[in-house]
Amino acid sequence: MYLETYDLKNKDKIKNKHVVLVDDVITTGATLEACIMTLYEALPSKISVVTLACAQ
């Protein structure tokens, strides 16, 4: 599962920060979800997503 694929180093650097994730294409959203769940552990103040396209 994707959730165990990602890890953060230096979590303190994004604590209380606005994090912007950039993804070229969102297909199922699984990768994006895994990244967001990993980022939540570091307690950012906000997470935003920017994408160029979404698959139907």
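Here the sequence shown is numbered in the working numbering, starting from -19 and rising by one per residue. By construction, the Cβ of each residue, glycine as well, lies at the ideal position given by its N, Cα and C atoms.
Reduced DSSP category for residue i - H, G, I as helix; E, B as strand; rest coil
i	result
Lys(-7)	helix
Tyr(-18)	Its pLDDT being 48, under 50, Tyr(-18) is placed unreliably by the model, and nothing is read from it.
Limits of the unbroken beta strand (DSSP E) element including residue i
i	result
Ala33	Lys26 to Cys34
Leu1	His(-2) to Ile6
Pair within 8 Å by beta-carbon distance, residue i and residue j
i	j	result
Leu12	Leu1	yes
Residue i, buried or exposed, once every other Cβ within 10 Å from all chains shown has been counted against 16
i	result
Cys34	exposed
Residue i: first and last residue of the uninterrupted alpha helix (DSSP H) it sits in
i	result
Leu12	Ala10 to Tyr20
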